[in-house]
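Step one of this worksheet: look at the structure below.
Next comes the structure, spelled out in structure tokens:
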């Protein structure tokens with residue numbers, strides 16, 4: 003089945019709701035009511051890298067649709083009992099209406115990954131990540147992400163979703179940063195982490211934002227801020243890696259998309275996919 007309105011499977015959209023409406027209507031690809039999720043699972047991890055004094059935990063909901071896996075990170079322990087079982091065998095249309103936002107995001111991600119995987123035809127530029135320790139791979143990914151920011155030294159970046167390797171990479175570029183995370187706390191270097199991203203966005207020249215904002219409902223206000231003020235909004239996306247490229251040119255300036263399996267799951271080589279932004283291989 004082809005899209006009934008002739009809309010490209012890689013089309014971009016002005017808002018998240020607009021994208022969702024077109025997908026629900028079957029206008030980008032196969033009818034989502036006829037597409038069933040075969041496997042639903044969660045991935046949990048606890049991390050404490052060598053050379054780092056602090057650690058963190060992750061939990062991700064993933065849904066398998068044919069060859070594609072869509073994912074959405076959640077706060078550890080936040081998924082209610084039975085949520086995973088409720089997704090297995092369900093059609094995508096029903097999951098796009100699910101009462102839990104992370105389920106809706108993971109279902110949308112799986113559907114978009116299914117109809118338009120991360121390939122050059124979809125606009126993706128693959129970047130290999132070398133094999134290595136968890137910290138080595140974290141730093142390698144951070145370098146790829148930060149290269150998508152086109153700012154001079156001394157500029158300030160709002161970092162939403164604190165990842166210490168990203169902060170290190172910004173420092174190496176001579177960029178200042180304001181760390182923000184809903185959990186608050188301190189960075190590895192004792193810097194205070196603010197909790198209200200939108201309240202702090204006006205102080206910064208660009209935004210570097212985790213795809214997790216899709217799953218907690220804070221993405222759209224940040225996208226609108228970037229669009230209204232002409233600021234770069236660079237997304238690093240394990241959550242919604244196939245969703246976020248759909249907003250390029252509509253507030254999102256670049257995406258580092260990292261579909262499952264993520265770099266922290268294994269020590270071998272991997273691949274992330276860049277959309278938009280400067281191309282370091284051709285110079286800035």
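Numbering (the numbering used here), first residue to last: 3 to 286. Idealized CB from N, CA, C, for every residue including glycine. Predicted, not measured: the structure shown is a model, and the values here were computed from it.
Can we say the region 183 to 196 touches the region 228 to 245, given the rule of at least three CB pairs closer than 8 Å?
no
Given 8 Å as the limit, is there contact between the region 269 to 276 and the region 134 to 151, that is, 3 or more CB pairs closer than that?
They touch, by the three-pair rule.
Let me know the secondary structure DSSP gives residue 238 once reduced to three states.
strand
With DSSP as the reference, label residue 23 as helix, strand or coil.
helix
In the DSSP assignment, the beta strand (DSSP E) including residue 262 goes from what residue to what residue?
From DSSP, residue 262 is part of no beta strand (DSSP E); its letter is neither H nor E.
Take residue 3 and list the residues in its own chain whose beta-carbon comes closer than 7 Å to its own, dropping the five residues that flank it on each side.
Caution is warranted here: a pLDDT of 36 is assigned to residue 3, below 50, making its placement in the model unreliable, and the coordinate value is therefore given only provisionally. Excluding residues within five positions, the ones whose Cβ falls inside 7 Å are 32, 33.
Helix, strand or coil for residue 278? Go by DSSP, reduced to three states.
Collapsing the DSSP output to three states places residue 278 in a strand.
Put residue 171 into one of helix, strand or coil per three-state DSSP.
helix
My guess is that residue 76 and residue 61 are in contact by the Cβ rule of under 8 Å, so how many angstroms apart are they, rounded?
5 Å
Using the rule of at least 16 other Cβ atoms within 10 Å of the residue's Cβ for burial, across every protein chain shown, is residue 150 buried or exposed?
buried
Span of the alpha helix (DSSP H) holding residue 199?
199 to 202
Let's see if you can read the secondary structure: which residues bound the alpha helix (DSSP H) around residue 1?
No answer is possible for residue 1: the residues shown for the chain start at 3 and end at 286.
Start and end of the beta strand (DSSP E) containing residue 212?
208 to 212
When you compare the CB positions of residue 1 and residue 89, do they come within less than 7 Å of one another, or not?
The requested residue 1 does not occur in the structure, where the chain is confined to residues 3 to 286.
Answer yes if the region 114 to 132 comes into contact with the region 221 to 228, meaning at least three C-beta pairs across the two stretches below 8 Å, and no otherwise.
Between the region 221 to 228 and the region 114 to 132, the count of Cβ pairs shorter than 8 Å is below three; the stretches do not touch.
On the DSSP letters alone, give me the boundaries of the alpha helix (DSSP H) that residue 39 sits inside.
Looking at the DSSP string, residue 39 is not in any alpha helix (DSSP H), and its letter there is neither H nor E.
Closest to residue 248 by CA distance: which of 120, 172, 152 is it?
120
Looking at the structure shown, is residue 64 part of a helix, part of a strand, or coil, going by DSSP?
Correct three-state label for residue 64: strand.
I need the straight-line Cα distance from residue 278 to residue 256, nearest angstrom please.
4 Å
So, are the CB atoms of residue 238 and residue 258 less than 7 Å apart?
yes
By the three-class DSSP mapping on this structure, what secondary structure does residue 217 have?
helix
So who's on the other strand from residue 59, going by DSSP bridges?
48
Residues bridged to residue 93 by DSSP?
38
For residue 155, which residues from the same chain have a beta carbon less than 6 Å from its beta carbon, with the 5 sequence-adjacent residues on both sides left out?
176
Output needed for residue 215: all residues of its chain with C-beta closer than 6 Å, excluding positions within five of it in sequence on either side, in chain order.
221
Which term fits residue 284, buried or exposed, when burial requires 16 or more other beta carbons within 10 angstroms of its beta carbon?
With a pLDDT of only 41 at residue 284, under 50, the local geometry of the prediction cannot be trusted, and the value read off the model is given with reservation. That one is exposed.
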